[in-house]
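Order-wise, the sequence lines are chains A and B.
Just so we're aligned, residue 3 is where the first sequence starts under our numbering, counting upward by one.
Just so we're aligned, residue 3 is where the second sequence starts under our numbering, counting upward by one.
Glycine residues also receive a C-beta, built at the ideal position from the N, C-alpha and C atoms.
Nothing here was measured: the structure is a model prediction, and the numbers come from that model.
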Amino acid sequence: MSVLVYVETWEGKLKKASYEAASYGARLASRLGTDAYAIVLNASDDASVLGKYGIKKTFSVKGEHFQHFHNYKYVEAIAHVAEQIQAKALVLSGTFTGKMVAPLLAVKINAALITNVVSDPQEVTPLTVKRSAFSNKGFVYYESQSEVNILSILPNALGVSESTGQGEVEEIVHTPETNIEIQIVEIDKVKGKVPLPEAEIVVSAGRGLKSPDNWGMIEELAEALGASTACSKPVSDMHWRPHSEHVGQTGITINPQLYIAIGISGAIQHLAGVSGSKTIVVINSDPEAPFFKAADYGVVGDAFKVVPALTEAIRKFKAQ
Amino acid sequence: MKVLVCISHVPDTTSKINFTNNNTEFDKSGITFIINPYDEFGLTRAIWLQEKQGAHITVINVGTSETEPTLRKALAIGANDAIRIDAEPTDAWFVASQIAAQAKEGGYDLIIGGRESIDYNGSQVPGMVAAMLGVPFVNACVGLEVDGGKATVIREIDGGKEKSIISLPAVIAGQKGLVEESDLRIPNMRGIMQARTKPLKVVAPVESERKTKAVLFEKPASKASVKLVDPDNIEELVRLLHEEAKVI
Ligand SMILES: Cc1cc2nc3c(=O)[nH]c(=O)nc-3n(C[C@H](O)[C@H](O)[C@H](O)COP(=O)(O)OP(=O)(O)OC[C@H]3O[C@@H](n4cnc5c(N)ncnc54)[C@H](O)[C@@H]3O)c2cc1C
Ligand SMILES: Nc1ncnc2c1ncn2[C@@H]1O[C@H](COP(=O)(O)O)[C@@H](O)[C@H]1O
């Protein structure tokens with residue numbers, strides 16, 4: 003018996019969300035009295051760094067079959083390693099890639115899948131874990147009815163546990179058997195930006211900004227903080243900002259360390275996607291804006307004055 | 003072309019969520035149920051396939067008789083017929099097994115579901131259906147064009163988009179982008195009248211395990227009240243974020 007963590011890469015590099023999954027897998031393994039292993043596909047990074055997060059050994063799968071993401075091929079390779087090490091629990095991160103992989107993997111290895119996991123297991127037999135549901139408006143404890151389990155971690159919900167140590171890395175070859183063809187014709191990536199669900203700090207703005215031309219100050223604040231940018235739904239509906247920035251019930255769900263909401267009223271559907279954030283700062287000219295009820299810190303004021311001042315103060319703070 | 007659209011029956015987005023029976027059940031009292039918003043985008047895209055490419059649309063739900071108004075609404079929007087698998091949809095594996103069994107029987111070219119149900123946020127059912135059928139699966143789909151036995155799909159990836167060509171049959175899990183909000187259809191009187199007489203087949207579930215069980219529900223801890231910072235003293239906010247919240 004053992005634990006297997008699927009470690010994702012981003013342009014060949016190990017993803018930050020994967021360190022969180024690795025840490026989770028290592029903690030779970032120690033509770034089960036066993037070891038945690040990892041599998042990474044098509045990585046250019048040295049995977050021995052996963053040792054710092056408690057991974058004993060990483061199986062690094064290379065080769066032409068894995069150069070591009072292909073959910074069925076990836077799942078086969080993961081299932082192959084899982085079988086080799088007799089994994090009873092698999093851990094991965096609930097990113098877009100994770101969600102392409104997890105349900106297929108569950109069927110392939112006949113496992114229970116629990117997604118949106120936000121805490122270490124309450125129990126290990128039967129496996130019982132807390133997961134987020136109702137778009138952040140509630141939690142559910144799920145009990146597994148299966149021998150083999152896959153846990154998909156809500157990105158950023160738990161963070162990493164880091165120590166010292168180096169993991170082993172073993173390169174393996176796997177030739178997938180699937181005859182499902184996926185012909186990728188185009189990949190359109192926003193370069194250099196942290197994917198929104200993984201960002202630790204998110205600066206977000208709404209209709210209160212009045213025009214797409216006013217986003218310069220939002221981007222400057224985000225840059226000063228090393229944050230990603232987001233927006234409310236009407237803003238993306240009006241094409242002021244790309245749809246990929248839309249957070250909320252019908253957009254992306256995020257739970258960063260810090261969420262700064264500027265000129266956003268705080269409608270229930272917006273809150274559904276952001277209320278998992280550790281700390282929420284609201285900047286709004288209307289003291290009655292509902293968002294203040296969900297905020298940790300609030301500034302009642304005009305965004306056009308407050309935001310540049312805040313950017314300045316952050317820069318000063320960072321310079322110290 | 004035969005299209006199967008999976009419809010999840012979920013609380014309206016404005017719902018206040020409460021639990022009952024010692025927090026072992028979701029409290030349905032006073033809740034309005036709707037077509038899962040992600041499924042509505044998929045249904046609308048399917049209607050376009052019906053109008054422009056002559057597709058036949060079947061909507062399917064795994065649920066008890068209380069979900070029938072939701073299926074009737076899908077029929078009023080324009081689906082040709084409906085199937086309800088008469089069972090409590092408490093586990094993704096179980097639900098996917100039911101849909102996969104119907105899909106095998108019906109010989110659909112395309113199965114459209116949603117990225118996630120907005121109640122349990124599982125993101126599981128469509129992918130499991132695809133794997134059970136052994137056909138391509140595309141999650142977070144924001145673009146779909148069908149041409150003969152192939153589909154060109156665009157999916158959201160971390161920080162971008164990916165366009166690919168897959169062969170049919172296939173399963174996609176959709177979201178906004180498949181169609182825009184302004185494309186969604188409100189059923190008109192004629193649609194509602196027609197929906198009453200469109201076929202809604204009720205089917206007994208096939209044998210399947212359930213691999214998970216919800217044992218307890220919990221509400222998020224309520225927030226302490228907001229700390230207001232004077233806009234003329236914004237350095238104070240930076241100090242609080244650093245020293246108190248420890249997030250910068
Ligand atoms: C089915 C459904 C799903 C939905 N899903 C989502 C979702 O996923 N995400 C989402 O965001 N919304 C969603 N909505 C929409 C949601 O209900 C709100 O309409 C939306 O969030 C409002 O966006 P906003 O706060 O940017 O705009 P508004 O509500 O117009 O708020 C603008 C705010 O800016 C403030 N303001 C104005 N001028 C200034 C200034 N100079 N300085 C500072 N503040 C200023 C105002 O006081 C106001 O509070 C959904 C709605 C429905 C029906
Ligand atoms: N009970 C159900 N009946 C029919 N389709 C469902 C059901 N539950 C989930 N689905 C479909 O699967 C998608 C993802 O749901 P979930 O895996 O529950 O997040 C939904 O958007 C629906 O398209």
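6 Å CB neighbourhood of residue i in its chain, flanking five on each side removed
i        : result
B:Asn20  : Asp29
B:Thr22  : Asp29
A:Ala23  : Val7, Val93, Leu94, Ser95, Ile155
B:Gly129 : Phe139
A:Lys110 : Val77, Ala81
A:Phe61  : Ile41, Val83, Glu172, Ile174
B:Ala57  : Met3, Val5, Leu51
A:Arg33  : Val126
B:Ala81  : Ile59, Val61
B:Gln126 : Ala94
A:Ala49  : Val42, Thr60, Ser62, Val171
B:Lys163 : Ile156
B:Phe165 : Checking the sequence, you will find Lys at residue 165 of chain B rather than Phe. Once the five neighbours on either side are set aside, the close Cβ partners of B:Lys165 are Ile156.
A:Trp242 : Pro214
B:Ile87  : Val64, Gln100, Val205, Pro207
A:Val142 : Arg133, Ala135
A:Gln271 : Gly250, Gln251
Cβ shell of residue i (< 7 Å), same chain only, five flanking positions each side left out
i        : result
A:Val301 : Ile285, Val308
B:Lys178 : Phe43
B:Asp149 : none
A:Ile182 : Tyr74
A:Glu188 : none
Spatial neighbours of residue i in its chain, beta-carbon cut-off 8 Å, leaving aside the 5 residues before and after
i        : result
A:Thr97  : Glu10, Lys17, Ala19, Pro157, Pro197, Pro199, Glu200
B:Thr34  : Pro13, Asp14, Ser17
B:Gly108 : Lys4, Leu6, Thr60
A:Gln259 : Asn158, Glu202, Ile203, Ser279, Lys280, Thr281
A:Leu30  : Val5, Ala38, Ala91, Val93, Asp122, Pro123, Val126, Leu153
C-beta atoms of residue i and residue j nearer than 8 Å
i        : j        : result
A:Gly265 : A:Ala305 : yes
B:Thr92  : A:Tyr144 : no
A:Gly268 : A:Thr255 : no
B:Cys8   : B:Ile79  : no
A:Val63  : A:Ile174 : yes
B:Val144 : B:Val173 : no
A:Phe68  : A:Ala79  : yes
B:Ile85  : A:Leu312 : no
A:Thr117 : B:Gly124 : yes
B:Asp121 : A:Phe136 : yes
B:Trp95  : B:Glu209 : no
B:Ile114 : B:Ala48  : yes
A:Tyr55  : A:Val5   : no
A:Ser334 : B:Pro233 : Chain A is shown from 3 up to 322; residue 334 of chain A falls before or after that span and cannot be answered.
B:Asn141 : A:Met219 : no
B:Val240 : A:Ile316 : yes
Requested in this report: Quick one: which residues of the stretch 150-184 of chain A get their C-beta closer than 7 Å to a C-beta of chain B? List them in chain order.
Outcome: Those residues of the stretch 150-184 of chain A placed with their C-beta closer than 7 Å to a C-beta in chain B are Ile182, Glu183, Ile184, ordered along the chain.
Report task. Starting from the N-terminal side, write out each stretch of the beta strand (DSSP E) that is 3 residues or longer and does not extend beyond the stretch 12-84 of chain B. Result -> Runs found: 35-37, 58-65.
Query raised in the report: In chain order, what residues of the stretch 146-178 of chain B put their CB closer than 7 Å to some CB of chain A?
Result: Answer set for the stretch 146-178 of chain B: Glu158, Ile159, Asp160, Gly161, Gly162, Lys163, Glu164, Lys165, Ser166, Ile167, Ile168, Ser169, Lys178.
**Report entry** Uninterrupted beta strand (DSSP E) stretches inside the stretch 68-141 of chain A (no shorter than 3 residues)
**Finding:** With a minimum length of 3 residues, the continuous beta strand (DSSP E) runs that stay inside the stretch 68-141 of chain A are 89-95, 114-119, 129-135.
Query raised in the report: Near ligand 1, which residues have their beta-carbon closer than 5 Å to a heavy atom?
Result: The answer, residue by residue, is A:Gly208, A:Arg209, A:Gly210, A:Ser234, A:Lys235, A:Pro236, A:Gly250, A:Gln251, A:Thr252, A:Gly253, A:Gly265, A:Ile266, A:Ser267, A:Ala269, A:Gln271, A:His272, A:Asn286, A:Ser287, A:Asp288, A:Ala291, A:Asp304, A:Ala305, B:Thr15.
**Report entry** Proximal residues, the stretch 118-129 of chain B versus chain A, C-beta separation under 8 Å
**Finding:** Those would be Ile120, Asp121, Tyr122, Asn123, Gly124, Ser125, Gln126, Val127, Pro128, Gly129, in chain order.
Query raised in the report: Enumerated in chain order, which unbroken segments of the alpha helix (DSSP H) with a length of 4 residues or greater are wholly contained in the stretch 263-289 of chain A?
Result: Segments of the alpha helix (DSSP H) lying fully in the stretch 263-289 of chain A: 270-276.
Query raised in the report: Hey, which unbroken runs of the alpha helix (DSSP H) at 4 residues or more fall wholly within the stretch 148-210 of chain B?
Result: Qualifying alpha helix (DSSP H) stretches, in chain order: 191-199.
Query raised in the report: Counting only runs that start and end within the stretch 143-181 of chain A, where is the beta strand (DSSP E) found for 3 or more residues in a row?
Result: Taking only runs of at least 3 residues, the beta strand (DSSP E) segments lying wholly in the stretch 143-181 of chain A are 151-155, 170-175.
Query - Members of the stretch 217-230 of chain B near chain A, C-beta cut-off 9 Å - result: Closer than 9 Å at the C-beta level to chain A, one finds these residues of the stretch 217-230 of chain B: Val217, Leu218, Phe219, Glu220, Lys221, Pro222, Lys225, Ala226, Ser227, Val228, Lys229, Leu230.
**Report entry** Members of the stretch 43-57 of chain B near chain A, C-beta cut-off 8 Å
**Finding:** From the stretch 43-57 of chain B, no residue has a Cβ closer than 8 Å to chain A.
Query - Positions along the stretch 297-313 of chain A whose CB lies within less than 9 Å of some CB in chain B - result: Within the stretch 297-313 of chain A, the qualifying residues are Ala297, Asp298, Tyr299, Gly300, Val301, Val302, Gly303, Asp304, Lys307, Val308, Ala311, Leu312.
Requested in this report: Could I get the ranges of all uninterrupted beta strand (DSSP E) runs contained in the stretch 179-255 of chain A, with 3 residues as the minimum, in chain order?
Outcome: The stretch 179-255 of chain A contains these whole beta strand (DSSP E) runs: 184-191, 203-207, 230-233.
Query raised in the report: Of all the residues that make up the stretch 107-124 of chain A, which are near chain B by a beta-carbon distance shorter than 7 Å?
Result: Cβ contacts with chain B come from Ala108, Val109, Lys110, Ala114, Leu115, Ile116, Thr117, Asn118.
Requested in this report: Report the residues of the stretch 179-197 of chain B with a CB closer than 9 Å to any CB of chain A, ordered along the chain.
Outcome: Answer in chain order: Gly179, Glu182, Glu183, Ser184.
Query raised in the report: When you check each C-beta in the stretch 254-266 of chain A against every C-beta of chain B, which residues fall closer than 7 Å?
Result: Under the 7 Å Cβ criterion, the stretch 254-266 of chain A contributes Gln259, Leu260.
Query raised in the report: Of all the beta strand (DSSP E) runs that stay within the bounds of the stretch 107-142 of chain B, which reach a length of 3 or more residues?
Result: The qualifying runs are 112-116.
Query - Residues, ordered as in the chain, of the stretch 55-82 of chain B that lie near chain A by beta-carbon distance below 7 Å - result: Taking 7 Å as the Cβ-Cβ cut-off against chain A, none of the residues of the stretch 55-82 of chain B qualify.
Report task. Scan the stretch 132-147 of chain A for residues whose Cβ lies nearer than 9 Å to a Cβ of chain B and list them as they occur along the chain. Result -> Only Lys132, Arg133, Ser134, Ala135, Phe136, Ser137, Asn138, Lys139, Gly140, Phe141, Val142, Tyr143, Tyr144, Glu145, Ser146, Gln147 from the stretch 132-147 of chain A bring a Cβ to less than 9 Å from some Cβ of chain B.
Query raised in the report: Taking the runs of the beta strand (DSSP E) that are 3 residues or longer, which of them lie wholly in the stretch 29-72 of chain A?
Result: As far as the stretch 29-72 of chain A is concerned, its whole beta strand (DSSP E) runs of at least 3 residues are 38-43, 59-64.
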